[in-house]
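Going down the list, the sequences are from chains A and B.
Residue numbers for the first sequence follow the working numbering, beginning at 288 and rising by one.
Residue numbers for the second sequence follow the working numbering, beginning at 288 and rising by one.
Each residue gets a CB set at the ideal place from its N, CA and C atoms; glycine is no exception.
Beneath this line is the structure, given in structure tokens, with notes to follow.
2 protein chains.
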Amino acid sequence: MPHRYFIEDLKADDTACSVYLTGDEAYHLAVVMRAKRGERVTLCDGKGSDFDCVVENADKDSVFLTINSIYKSVSEPSIRVILYVGYPKQDKLEMIIQKATELGACEIVPFFSRYCVAAPKNEDKKNERYNRIALEAAKQSGRGVIPKVQMPLTYDEMLKSAAQSDAAFFCYEAQKGESPLHSQLTDGIKTVAIVTGSEGGFSPDEAQKAADEGLLLTGLGARILRCETAPLAALAAVMTLTGNLQ
Amino acid sequence: MPHRYFIEDLKADDTACSVYLTGDEAYHLAVVMRAKRGERVTLCDGKGSDFDCVVENADKDSVFLTINSIYKSVSEPSIRVILYVGYPKQDKLEMIIQKATELGACEIVPFFSRYCVAAPKNEDKKNERYNRIALEAAKQSGRGVIPKVQMPLTYDEMLKSAAQSDAAFFCYEAQKGESPLHSQLTDGIKTVAIVTGSEGGFSPDEAQKAADEGLLLTGLGARILRCETAPLAALAAVMTLTGNLQ
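Structure below.
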């Protein structure tokens, strides 16, 4: 596929037929990729629309392109999955963000819980870094949407937020066999929340609170998954069951 | 669950009612975990049987235990999945081994292909290290079987080996929509091979050769997965579709 560049102020209903790419993306296209006049590239608005473009003029600060056509990105899954991940060590969260982006998550939300080892510190700065990782992974995997990594939530905020999805799965290792994913992913479901724990897992109280909020307590098999494996396994499972991994 | 220790010379039909644990596992149980007389632990033969034992005497070189009962490990999936992974950079292979063990793979087989960056070097020593990673992950995730990491195969050897499984999926990004996993995983299937590429992917020739050998060319969705993400996503998908991730 042709290289893809994300540009934030593009809009899918843009009636202008030309556009300037600036900043890092311009530098990458003009200098690293040595784009020439006449070359075709894909620009993405990061919200699900792709723009088929031709380079008219390229220098390191700014690339001028004409827009041939606008279409819905073909690589987006048919379902919106939001991952709520118990805040793990930073390198694990970064790995989760990268892989979850490849696997088609639309949003990643860290949260704090009783057994979290991580404590809030420089979260603004970390969040910037997390979103950069999501952007890079979105480019590399050909996503049409850049998943947003949210600022961390408290446990109660997370439950309230997750409960708003059409189906919210609370992955809890003591819950083998109950509410398996496949039994709940019926046709009408458009948004899915997946909640997984940090290194320390969840307390029985926390699981009870999740059930009280209407989340579905769900097991992920008889083996104990690490905190960075569980969200990716659950995401791959949801994508499989909704026909988005084939 | 109680701590689990692997002991290689245990046999499921062992009629002896006591056993000695030696080496690293004895040190771990006696010194690190400070096992006391009367404590219950689970020994595993690494081949799918668990032994419910009681500590009789523990010192750092040797722990003497009596066997209460022998049973089939409850954590093993109902299907044998062998992952054939195009040899990636070492840290990625190590990550694949760790996560694939958690997700229930029974065997991991690296292989060389045209676009592999990795070249064979000190493979004996690396293989020892890979198998140690599998052992550690098996203990941590509560597996009853320690997945074996094989020595790397050539491309042709890999195809011959994979073709012996009941179903062999060759994950190829150009193959969107054809032979999806779910359409092939019928009830009679007991062993599944999953073949995924290295960083450089497969050449069209290599894909053709795989098809000629009878492997099923299978897509993993519209997004491009990294070489370490693809085998884990495919494995999670197979486990989901066979009821082993619930």
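How close, in whole Å, do the beta carbons of residue i and residue j come, if the pair is a contact with beta carbons under 8 Å?
i	j	result
tyrosine 442 of chain A	glutamate 486 of chain A	That belief does not hold up - the Cβ atoms of tyrosine 442 of chain A and glutamate 486 of chain A are roughly 15 Å apart, past 8 Å.
proline 434 of chain B	tyrosine 374 of chain B	Actually they do not touch by this definition, with Cβ atoms about 17 Å apart.
glutamate 363 of chain B	glycine 431 of chain B	5 Å
serine 360 of chain B	cysteine 331 of chain B	7 Å
phenylalanine 489 of chain A	serine 400 of chain A	6 Å
tyrosine 417 of chain B	leucine 380 of chain B	7 Å
Between which two residues does the beta strand (DSSP E) harbouring residue i extend?
i	result
isoleucine 395 of chain A	394 to 398
leucine 308 of chain B	305 to 309
leucine 286 of chain B	No statement about residue 286 of chain B is possible, as the shown extent of chain B runs from 288 to 533 and does not include it.
arginine 291 of chain B	291 to 293
For the alpha helix (DSSP H) containing residue i, name the first residue and the last one.
i	result
arginine 430 of chain B	Run containing arginine 430 of chain B: none; DSSP gives neither H nor E here.
valine 525 of chain B	516 to 528
lysine 470 of chain A	For clarity, residue 470 of chain A is serine in the given sequence; the question names lysine instead. Residues 468 to 471.
phenylalanine 498 of chain A	For the record, residue 498 of chain A in the displayed sequence is alanine; it is not phenylalanine. Note, alanine 498 of chain A: alpha helix (DSSP H), 491 to 499.
threonine 441 of chain A	Threonine 441 of chain A -> no alpha helix (DSSP H), and no H or E assigned at all.
isoleucine 481 of chain A	Careful: isoleucine 481 of chain A lies outside any alpha helix (DSSP H), inside the beta strand (DSSP E) at 478 to 483.
alanine 450 of chain B	That residue, alanine 450 of chain B, is in no alpha helix (DSSP H); it is neither H nor E in DSSP.
aspartate 474 of chain B	Neither: aspartate 474 of chain B is in no alpha helix (DSSP H) and is coded neither H nor E.
leucine 380 of chain A	377 to 390
Can you check whether the CB of residue j is closer than 8 Å to the CB of residue i?
i	j	result
glutamate 394 of chain A	isoleucine 369 of chain A	yes
cysteine 304 of chain A	threonine 353 of chain A	yes
valine 341 of chain B	alanine 317 of chain B	no
lysine 426 of chain A	arginine 291 of chain A	yes
threonine 478 of chain A	cysteine 458 of chain A	no
isoleucine 383 of chain B	glutamate 460 of chain B	no
methionine 445 of chain B	valine 396 of chain B	yes
leucine 507 of chain B	leucine 507 of chain A	no
leucine 519 of chain A	alanine 387 of chain A	yes
alanine 454 of chain A	leucine 472 of chain A	yes
alanine 389 of chain B	arginine 513 of chain A	As written in the sequence, residue 389 of chain B is glutamate, which differs from the alanine given in the question. Yes.
leucine 528 of chain A	threonine 516 of chain B	no
alanine 523 of chain A	alanine 523 of chain B	yes
alanine 498 of chain B	phenylalanine 456 of chain B	no
glutamine 385 of chain B	lysine 413 of chain B	no
phenylalanine 398 of chain B	tyrosine 358 of chain B	no
Can you tell which of the options has its C-alpha closest to the C-alpha of residue i?
i	options	result
aspartate 339 of chain A	A:Asp499, A:Tyr374, A:Ile294 and A:Ser365	A:Ile294
valine 306 of chain B	B:Ile420, B:Ala345 and B:Leu528	B:Ala345
glutamate 415 of chain B	B:Gln437, B:Asp337 and B:Arg510	B:Gln437
tyrosine 314 of chain B	B:Asp348, B:Glu326 and B:Asp296	B:Asp348
leucine 504 of chain A	A:Ser466, A:Glu410, A:Ser490 and A:Phe489	A:Ser466
lysine 509 of chain B	A:Arg513, A:Gly501, A:Gly530 and A:Asn418	Note that residue 509 of chain B is alanine in the sequence shown here, rather than lysine. Among A:Arg513, A:Gly501, A:Gly530 and A:Asn418, the Cα nearest to that of alanine 509 of chain B belongs to A:Gly530.
glycine 335 of chain B	B:Leu380, B:Ala392 and B:Thr309	B:Ala392
aspartate 337 of chain B	B:Ala421, B:Pro491 and B:Gly429	B:Gly429
serine 452 of chain A	A:Asp474, A:Ser470, A:Ala480 and A:Gly475	A:Ala480
tyrosine 367 of chain A	A:Val319, A:Glu410, A:Gly475 and A:Lys496	The amino acid occupying residue 367 of chain A in the given sequence is arginine; tyrosine does not appear at that position. Minimum Cα distance to arginine 367 of chain A is reached at A:Gly475.
lysine 447 of chain B	B:Gln495, B:Glu500, B:Glu312 and B:Glu410	B:Glu500
alanine 421 of chain B	B:Leu308, B:Gly333 and B:Asp296	B:Gly333
glutamate 312 of chain B	B:Arg419, B:Gln495 and B:Asn409	B:Arg419
Compare the C-beta of residue i with all C-beta atoms of chain D and state if any pair is closer than 8 Å.
i	result
glycine 429 of chain B	Of the protein chains in the structure, A and B, none is chain D.
- Task: Just list the beta strand (DSSP E) runs in the stretch 311 to 373 of chain A, keeping only unbroken ones of 3 residues or longer that don't cross its boundaries, in chain order.
- Result: The stretch 311 to 373 of chain A contains these whole beta strand (DSSP E) runs: 327 to 331, 336 to 346, 349 to 359 and 367 to 373.
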